[in-house]
Amino acid sequence: MAVLERLRPDHAPALLAFERENRAYFAASVPDRGDAYFSDFAERHRALLDEQETGTIHFHVLVGEEGEILGRFNLIDVADGGAELGYRVAERATGRGVATAGVRELCRLAREEYGLSRLTAVTTLDNAGSRAVLGRVGFGAVGSVTLDGRVGTAYELDLATVQDGRGGGFGRERSV
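Heads up, the sequence shown is in the UniProt record's numbering, so the first residue is 1 and it goes up one at a time.
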């Protein structure tokens, strides 16, 4: 069973492996992080953990039974009771409900642990998987957006209306 954990310093090796193993897969749907991301990973990881301590971001990883990272689930731009949700899931873990379960758990944490009342998310129109997750977990479309030159949709979820821990989405993800 996989567990969603708040990002910690000791996640760094598994997180770097996750990003390396899935780099080409992720680059097919979102801009590539670039070589500097990987060469400067340790410094970036420490800096973002420091930023996490301020409460303006909340990073999480979905850890599999053998300690491997199966996904990342993040809340960024936390302010005024809201945040933007973003996530990415390993190619080998797609199609098994991992994304839906991860964003549902993160929505629960957003409401119960971080005191948030609303989440936003964005996805491109050609990302059918993320649009399906949004539909399953209760986000409603609120407008059009352009993401890296691609047409997309902005979504919103009122966490006060979520009774069973369901909720989630896909959006920008701060590079960890």
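Heads up, the beta-carbon is just placed ideally off N, CA and C, and yes, glycines get one too.
1. Pull up the DSSP beta-bridge partners for residue 119, would you.
2. Buried or exposed for residue 152, going by 16 or more other Cβ atoms inside 10 Å?
3. Scan the UniProt domain "N-acetyltransferase" (2 to 160) and note each continuous alpha helix (DSSP H) run of 4 residues or more that stays entirely inside, going in chain order.
4. Straight-line CA distance for residue 83 to residue 59?
5. If we count the other Cβ atoms within 10 Å of its Cβ and call it buried at 16 or more, is residue 142 buried or exposed?
6. Are the region 88 to 98 and the region 21 to 39 touching, with three or more C-beta to C-beta distances below 8 Å?
7. So residue 99 and residue 155 are in contact, right, with Cβ under 8 Å, and what is the actual spacing, rounded?
8. When we look at the beta-carbon of residue 189 and count the other beta-carbons within 10 Å, is it buried (16 or more) or exposed?
9. Classify residue 18: buried if its beta carbon has 16 or more other beta carbons within 10 angstroms, exposed otherwise.
10. Among 159, 38, 36, which residue has its Cα nearest to the Cα of residue 106?
11. Do residue 118 and residue 81 have their CB atoms nearer than 8 Å?
12. Hey, would you say residue 15 sits closer than 8 Å to residue 61, going by beta carbons?
13. Looking only at C-alpha atoms, which of 35, 7, 133 sits nearest to residue 50?
14. Take the Cβ of residue 39 as the centre, count every other Cβ of all protein chains shown within 10 Å, and call the residue buried at 16 or more, exposed below.
According to the structure shown:
1. 83, 157
2. buried
3. 12 to 21, 23 to 27, 35 to 39, 41 to 52, 98 to 112, 128 to 137
4. 12 Å
5. exposed
6. yes
7. At roughly 14 Å, the Cβ-Cβ gap does not stay under 8 Å, so residue 99 and residue 155 are not in contact.
8. For residue 189 there is no data in the structure shown, the boundaries of the chain being 1 and 176.
9. buried
10. 159
11. yes
12. yes
13. 7
14. exposed
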